[in-house]
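Everything below concerns the one structure shown next.
In the working numbering, the protein residues as written are 1281 to 1335.
This is the structure we're talking about:
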């Protein structure tokens, strides 16, 4: 499935946290947000695939 590319799309943003210690306090909430965005992407892909199958 397409899930291999999805994490990389958002994981690039986590590099900011590794570079800047001043952003460390935001790391946990940002990672939660990134995880939620990944789940939304997967749901969108599933819906799109279902729509294509029905058409």
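Every residue, glycine too, gets a C-beta built ideally from N, C-alpha and C. Predicted, not measured: the structure shown is a model, and the values here were computed from it.
Given residue i, which residues of its chain have a CB within under 7 Å of its CB, disregarding the five upstream and five downstream residues?
i	result
residue 1283	Note that residue 1283 scores a pLDDT of 47, beneath 50, so its modelled location is shaky; the value from the coordinates is reported in the next line. So the list reads 1322, once near-sequence residues are dropped.
With burial defined as no fewer than 16 other Cβ atoms inside 10 Å of the residue's Cβ, what is the status of residue i: buried or exposed?
i	result
residue 1281	Residue confidence is low: residue 1281 scores 41 on pLDDT, short of 50, so the model does not pin down where it sits. No coordinate-derived value is stated.
Beta-carbon within less than 6 Å of residue i's beta-carbon, same chain only, minus the 5 sequence neighbours each way: which residues are those?
i	result
residue 1309	none
residue 1320	none
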